[in-house]
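Asks:
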Amino acid sequence: MNMEVVFKEIEALREDMINTLVELIRIPAISPDSGGEGEYDKAQKLLEIIKDWPFDKVEVYNSPDKRAKNGVRPNILAYYYGEQGEKSPRLWILTHLDVVPPGDLGKWTVTKPFEPIVKDGKIYGRGSEDNGQSLVASLYAVRALMNLGIRPKRTIILAFVSDEETGSKYGLEWLVKNHPELFRKDDLVLVPDGG
């Protein structure tokens, strides 16, 4: 794989990445534990964005939570198979859909939390860093491979989970407990989170 070609393709996707991040920031995805409705709307927007992308498989695992919008906390898995198809070793890239509450609105000086703007080469809004940038970066890294027709050695599983900010009870923890068949002992996991 010629990484220079991949990097050029990623750069060509720059505006798409910015637009996707801005679209996702507009949607509050705050846990019911913190007074929000959960991640349902953001998950639906993400599914809409990727619906025509050539993922090999996209699965939604809804963790029940009657406090959340539509009574569920969605977890999305998008698979891009490696060179050996479903038999390829696997790399999970784990990001999360939820954000923390905006806090003191008086401290938002550049913009309101869910009214993102691009200013001086930066995107401002709640969740732009934790965890929007990682979500979008992982998504478009795979998009670049798709556009170039490159199959990696490992299957890439993009996991967009709920409830990271308040303990993962309805996200990763729920997936592990309720769907252990999803995981293999030799899977690699990357968590590009920060905040």
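Here the working numbering is used: the first residue of the sequence shown is 52, the next is one more, and so on. No residue lacks a Cβ here, since even glycine has one placed at the ideal position from N, Cα and C.
Alpha carbons only, please: which of R65, G154 and Y175 is nearest the one belonging to V161?
Replies: Residue mapping note: residue 161 aligns to position 110 of the sequence shown, counting from 1. Among R65, G154 and Y175, the Cα nearest to that of V161 belongs to Y175.
Asks: Do G133 and K204 have their beta-carbon atoms positioned less than 7 Å apart in this structure?
Replies: Mapped onto the sequence shown, residue 204 falls at position 153. Mapped onto the sequence shown, residue 133 falls at position 82. Yes. Within cutoff.
Asks: Helix, strand or coil for I174, going by three-state DSSP, please let me know.
Replies: Translated into positions along the sequence shown, residue 174 becomes position 123. Note: I174 maps to strand in three-state DSSP.
Asks: Using only CA atoms, which one of N198, A210 and R202 lies nearest to W104?
Replies: Start at 1 with the first residue of the sequence shown, and residue 104 comes out as number 53. The shortest C-alpha separation from W104 is found at N198.
Asks: My output table needs one value for L190: the three-state DSSP class, helix, strand or coil.
Replies: The sequence position of residue 190 within the sequence shown is 139, counting from 1. Note: L190 maps to helix in three-state DSSP.
Asks: If we ignore side chains and look at the alpha-carbon of each, how far apart do G222 and K108 end up?
Replies: Taking the first residue of the sequence shown as position 1, residue 222 is located at position 171. Taking the first residue of the sequence shown as position 1, residue 108 is located at position 57. One C-alpha to the other measures close to 19 Å.
Asks: Would you please state the rounded distance, in angstroms, between the beta carbons of T146 and F106? I believe it to be under 8 Å.
Replies: As a first step, residue 146 is located in the sequence shown; it is residue number 95 there, counting from the start. As a first step, residue 106 is located in the sequence shown; it is residue number 55 there, counting from the start. Incorrect: roughly 15 Å between the Cβ atoms, too far for contact.
Asks: The alpha helix (DSSP H) that contains A94, what's its start and end?
Replies: Mapped onto the sequence shown, residue 94 falls at position 43. Segment Y91 to I101, the alpha helix (DSSP H) holding A94.
Asks: Does the count of Cβ pairs from the region 170-184 and the region 75-85 closer than 8 Å reach three?
Replies: Segments in contact, yes.
Asks: When you compare the CB positions of Y130 and I208, do they come within less than 7 Å of one another, or not?
Replies: The residue you call residue 130 lines up with position 79 of the sequence shown. The residue you call residue 208 lines up with position 157 of the sequence shown. Yes. Within cutoff.
Asks: Evaluate L128 with the Cβ neighbour count: other Cβ atoms within 10 Å of its Cβ, from every protein chain shown; 16 or more gives buried, anything less gives exposed.
Replies: What you label residue 128 is simply residue 77 of the sequence shown in a count that begins at 1. Answer is buried; the Cβ neighbour count reaches 16.
Asks: Distance, Cα to Cα, A188 vs M68?
Replies: Here residue 188 refers to the residue found at position 137 when the sequence shown is read from its first residue. Here residue 68 refers to the residue found at position 17 when the sequence shown is read from its first residue. One C-alpha to the other measures close to 8 Å.
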